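In the numbering used here, the protein residues as written are 2 to 289.
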């Protein structure tokens, strides 16, 4: 029992309640609580817009508990979550404690909170250290994630916080607390120009690695496609995970696969496709 997937895309189409139900009925063992709807960020304007979503209202914890119960009623749990981003926006950062609270209420054990792409390990450590006492009170670990920027001149990704093994380790060791761990985004690690390669990063991170975002791409763009559909070779990645004794979840973040191919009427079929891919990855790990 290791497979889970994010609910963000399905939630936009059918709502969080139905999305959690679909994750269970598709065969996953857990659901990843996407909390981007907590605040409506306008990427064009670089500002947060008002929203009436329950996660932004006064009863956000009741909403998280409701989703937890839907999962339990369908035989699955929440394994992890994803806080809103970009972290560079101060108003977004004001929602991080709410995201940690919701993670705990839903039953999740890890909340992924992006580092600020353009801040140093020491600067990002200040943010995580400020959040950690609250996270510990909630019983939730925080995971930082490998990020990327884009070099228009070279037409490829370029360095951002945690993009390389060295930067990732520096970020975690700067905090030096077991409640700050690593979430490796495999797609980001395999993009041309910025990453160290997923297998190399896994071996370097070792015990620090406790969560994953699994998706496929052309090893150039951040495509967030279904695993085994594009150019990433997942066999050496699964072998590296086996080598370090990885005991965490295999969590898919193939949101663009759902966005591009499915709608409210047929998104469950997409969820089943994702589960098939997740099981295939799990088999690679078991056989490595």
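Note that CB positions come from ideal geometry on N, CA and C, so glycine has one too.
Bear in mind that the values here come from a model prediction, so they are computed numbers and not experimental data.
Next item on the list: Tell me where the beta strand (DSSP E) around residue 267 begins and ends.
Entry: No beta strand (DSSP E) contains residue 267, which DSSP labels as neither H nor E.
Notebook entry, point to check: Is residue 172 helix, strand or coil by DSSP?
Noted result: helix
Next item on the list: Can you tell me which of the three DSSP states residue 283 falls into?
Entry: helix
Check: Do you know offhand how far residue 129's Cα is from residue 229's?
Finding: 34 Å
Checklist line | Anticipated Cβ contact below 8 Å, residue 239 with residue 286, distance rounded | finding: 4 Å
Check: Under the rule that 16 or more other beta-carbon atoms within 10 Å means buried, what is residue 265, buried or exposed?
Finding: Counting other Cβ atoms within 10 Å of its Cβ, residue 265 stays below 16 and is therefore classed as exposed.
Checklist line | In chain order, each alpha helix (DSSP H) run of at least 4 residues that lies wholly inside the stretch 68-118 | finding: 91-94 and 97-107
Next item on the list: Entirely within the stretch 177-251 and at least 4 residues each: give me those alpha helix (DSSP H) ranges in chain order.
Entry: 187-190, 199-206 and 235-244
Note to self: My output table needs one value for residue 60: the three-state DSSP class, helix, strand or coil.
What the structure shows: Coil.
Note to self: Taking contact to mean 3 or more Cβ pairs, one atom from each stretch, closer than 8 Å, check whether the stretch 67-82 and the stretch 116-127 are in contact.
What the structure shows: no
Notebook entry, point to check: If you scan the stretch 4-66 from start to end, which runs of the alpha helix (DSSP H) of 4 or more residues do you find wholly inside it?
Noted result: 9-15 and 17-27
Note to self: Assuming residue 146 and residue 184 are in contact, meaning their beta carbons sit under 8 Å apart, how far apart are those beta carbons, in whole angstroms?
What the structure shows: 5 Å
Next item on the list: Could you name the residues of the same chain whose beta carbon sits closer than 7 Å to that of residue 193, not counting the 5 residues immediately before and after it, in chain order?
Entry: 157, 158, 220 and 221
Item checked: Beta-carbon proximity of residue 17 to residue 86, cut-off 9 Å -> no
Margin query: Is it buried or exposed, residue 108, if we count other Cβ atoms within 10 angstroms and call 16 or more buried?
Written below: buried
Note to self: What residue range does the alpha helix (DSSP H) around residue 138 cover?
What the structure shows: Judged by DSSP secondary structure, residue 138 falls within the alpha helix (DSSP H) whose first and last residues are 122-139.
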